[in-house]
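Student:
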Ligand SMILES: Cc1cc2nc3c(=O)[nH]c(=O)nc-3n(C[C@H](O)[C@H](O)[C@H](O)COP(=O)(O)OP(=O)(O)OC[C@H]3O[C@@H](n4cnc5c(N)ncnc54)[C@H](O)[C@@H]3O)c2cc1C
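Protein chains in written order, with this note's numbering: chain A, 569 to 905; chain B, -1 to 263.
1. Return the Cβ separation of residue 162 of chain B and residue 765 of chain A in integer angstroms, given the expectation that the two are a contact with Cβ distance under 8 Å.
2. Run through the DSSP bridge pairs and tell me what residue 707 of chain A is partnered with.
3. Within this structure, are the beta carbons of residue 713 of chain A and residue 719 of chain A separated by less than 8 Å?
4. Does the beta-carbon of residue 826 of chain A, which I'm using as the reference point, lie nearer than 7 Å to any heavy atom of ligand 1?
5. Going by Cα to Cα distance, which pick from A:750, A:792, A:749 and A:807 is closest to residue 775 of chain A?
6. Does the beta carbon of residue 984 of chain A sit closer than 8 Å to a beta carbon anywhere in chain B?
7. Evaluate contact between the stretch 571 to 582 of chain A and the stretch 655 to 666 of chain A, counting only Cβ atoms and requiring at least three cross-stretch pairs below 8 Å.
8. Throw me the rounded Cβ distance for the residue 854 of chain A and residue 827 of chain A pair, which I believe falls under 8 Å.
9. What would DSSP say about residue 253 of chain B, mapped onto helix, strand or coil?
10. Is residue 163 of chain B helix, strand or coil by DSSP?
11. Relative to the C-alpha of residue 160 of chain B, which residue among A:666, A:798, A:843 and A:652 is closest?
12. Report the residue ranges of all beta strand (DSSP E) runs contained in full by the stretch 813 to 866 of chain A; include only those spanning at least 3 residues, in chain order.
13. Taking residue 904 of chain A as the query, report the chain B residues whose CB atoms sit under 7 Å from its CB, ordered along the chain.
14. Would a C-beta distance cut-off of 8 Å place residue 82 of chain B and residue 202 of chain B closer than the cut-off?
15. Going straight from the alpha carbon of residue 738 of chain A to that of residue 623 of chain A, what length do you get?
16. Is any non-hydrogen atom of ligand 1 found closer than 7 Å to the C-beta of residue 830 of chain A, if you look at the structure I gave you?
17. Do residue 204 of chain B and residue 84 of chain B have their beta-carbon atoms positioned less than 8 Å apart in this structure?
18. When the Cα atoms are used, what is the spatial distance from residue 600 of chain A to residue 699 of chain A?
19. For the stretch 746 to 754 of chain A and the stretch 138 to 149 of chain B, state whether three or more C-beta atom pairs, one from each stretch, are separated by less than 8 Å.
20. Are the C-beta atoms of residue 195 of chain B and some chain A residue less than 8 Å apart?
21. What is the residue span of the beta strand (DSSP E) that residue 764 of chain A lies within?
22. Which two residues bound the contiguous alpha helix (DSSP H) that contains residue 588 of chain A?
23. Which whole-angstrom value is the C-beta distance of residue 686 of chain A and residue 716 of chain A, which I expect to be below 8 Å?
24. Just how far apart, CA to CA, sit residue 605 of chain A and residue 569 of chain A?
25. Answer with yes or no whether the minimum CB distance from residue 777 of chain A to chain B is below 8 Å.
26. Applying a beta-carbon distance threshold of less than 8 Å, which residues of chain B neighbour residue 719 of chain A?
27. On the premise that residue 72 of chain B lies in contact with residue 197 of chain B, defined as a C-beta separation below 8 Å, what is that separation, rounded to the nearest angstrom?
28. Taking 7 Å as the cut-off, is the CB of residue 237 of chain B close to at least one heavy atom of ligand 2?
29. By Cβ distance below 7 Å, which residues in the same chain neighbour residue 786 of chain A in space, the five residues on each side in sequence not counted?
30. Using 8 Å as the Cβ pair cut-off and three pairs as the minimum, do the stretch 184 to 196 of chain B and the stretch 794 to 805 of chain A touch?
31. Any heavy atom of ligand 1 inside 7 Å of the beta-carbon of residue 761 of chain A?
32. Distance cutoff 8 Å, beta carbons only. Does residue 132 of chain B sit that close to anything in chain A?
33. Since residue 896 of chain A meets chain B, which of its residues come closer than 8 Å, beta carbon to beta carbon?
34. Closest by CA to residue 608 of chain A, which one among A:596, A:597 and A:628?
35. For residue 894 of chain A, which residues in the same chain have their Cβ closer than 8 Å to its Cβ, ignoring the five residues on either side in sequence?
36. How many angstroms separate the CA atom of residue 88 of chain B from the CA atom of residue 859 of chain A?
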């Protein structure tokens, strides 16, 4: 039985938490298949503590490729290295996060090794009789779920939707094997060049990474009013989302847009304020675990999705809610002293 | 500059209806449109052509009806199109689809840029753009939000990633997938519509392009659909209306209870 591999993401000298979510996924699959679990980490100046962290959180092995050429993500060089690794060690399963990196790298690799790849999975399981990976994913804007398998080729590849599982927790005293690989310069020849990263300050917490999203729609009324959406998001440690109408009006920039022509998200909590719930918006958020909707119109579509629906004016409700959360947090803090 | 835009015909999503019994899509009476996210790719191509001159070719794999999508692309401003259509292509997954499209593109001869939409709104995989790049062995920029410059056989682009943007430079020929932020798609012009009406779009089947039969269609697809079902949405669905001061406070209480019970605060 081949190994179960998860691709860790190493950016700006740090492992991202999706790496640990994937380990949690990998762990249950590896257990069912009675196979070793390994993480792959590609990057530059990778710290030992990060490698150990992957082991503490469940990896039996860590394959490390540390090279100046891998400092920043370029699909060509990352793909070449990953293909080399796959061809040498022949894993049974290869999982990556459905991030901009995973969704670029995995299809590029799957084509070359001629194997199946399933995008943006929310459920992974093992088929009893065959040991095949069962990959379940939403399609057609979340209107259906499809379960897909790759019966005849290996590895079975999937990208996994961020936050569709909790990160694996570290366990004390775990040990694992570290395999370091080197490749010569020809592996890193690319027809592209990384220039720079420009941080978007308005995305302190990005919608893809957020556990909580507070999203505003046209019902917010005007650009200035968005301050209360920002405030609530900040207070909850969440990210700010927006409907397309809001982005088209320039109240928020495009990276905040949720929906068909924006981002698809599945946070633990989605608060939709002043959003009508058009199908194209819902396509991007209906797999959220909990949904609270605030809308003036009692017949708004969004209420069909909501766990809790408040029919009312968001500009009246949110300021009071914000005060109450402040008070609550203050009380909790003083109670804990 | 020669630009190729792979497009897909999809069902109009605002009309998607699911048969609750079978869990399949009701296709009758559903209009087919160009994948809305491909419109940004077409617009990007048109703007490049306006700036640098050249030719835009829309290419699609699909049933005969996909000719309509290609004609719409021509009406928007593409110069030409080609449809890859063959019963043997039916059932292709993203691997086989990228394979067919890449080989169709090869047959078009020299080109500078292949521009794809971010993903199709029905399959939602975002895998075909990168797949084409891989088959053609080309550099790739996904989630492209801006073209910064094109000169000396290189293209500099900005791509939207978690927490910000990245700038990368690629040598031409190159591939990219684009997001909505890159452009506002224009509407077809009257002249474009007239042109689209008259244009003969060639249809290429298996024998016209250099693809192997064992690599296309269901047979050539590494993945298999095991089952399709409709998600259970088990929402408790409590709704309260704010009418006055008292109900306002009640509503806020409800939200607080919800946040506390679920440990969001
Ligand atoms: C191809 C295509 C792609 C699209 N992609 C997207 C996408 O990615 N994301 C997206 O969001 N949309 C998308 N749309 C647009 C979508 O169809 C809707 O037009 C859009 O989602 C509506 O945004 P909204 O809910 O903010 O505005 P509206 O539909 O105008 O709703 C505003 C809501 O606010 C409520 N309201 C008003 N004032 C208040 C108040 N004071 N307090 C509380 N509630 C109030 C109103 O009752 C109303 O329900 C797309 C459309 C197409 C055709």
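Built from N, CA and C at the ideal position, the CB exists for glycine as well. Remember, it's a predicted structure, so these values are computed and weren't measured experimentally.
Tutor: So, to answer that:
1. 6 Å
2. A:712
3. no
4. yes
5. A:807
6. Because residue 984 of chain A is not part of the residues shown, which for chain A are 569 to 905, the question remains open.
7. yes
8. The pair is not a contact, with the Cβ atoms about 10 Å apart (cut-off 8 Å).
9. The three-state reading of DSSP puts residue 253 of chain B in helix, counting H, G and I together.
10. Three-state DSSP puts residue 163 of chain B in a strand.
11. A:666
12. Entirely contained in the stretch 813 to 866 of chain A, the beta strand (DSSP E) runs reaching 3 residues are, in chain order, 837 to 841 and 858 to 863.
13. Ordered by position in chain B, no residue passes the 7 Å Cβ test against residue 904 of chain A, which lies about 14 Å from the chain.
14. yes
15. 8 Å
16. yes
17. The Cβ atoms of residue 84 of chain B and residue 204 of chain B sit closer than 8 Å to each other.
18. 9 Å
19. no
20. no
21. 760 to 767
22. 586 to 601
23. 5 Å
24. 11 Å
25. yes
26. 222
27. 6 Å
28. Ligands in the displayed structure: ligand 1; ligand 2 is not one of them.
29. 811, 813, 814 and 842
30. Result no; under three Cβ-Cβ pairs closer than 8 Å.
31. No; taking the cut-off as 7 Å, the Cβ of residue 761 of chain A has no heavy atom of ligand 1 nearer than that.
32. yes
33. 254, 258 and 263
34. Nearest option by C-alpha distance: A:628.
35. Only 803 meet the Cβ criterion.
36. A direct Cα-Cα distance of roughly 39 Å separates residue 88 of chain B from residue 859 of chain A.
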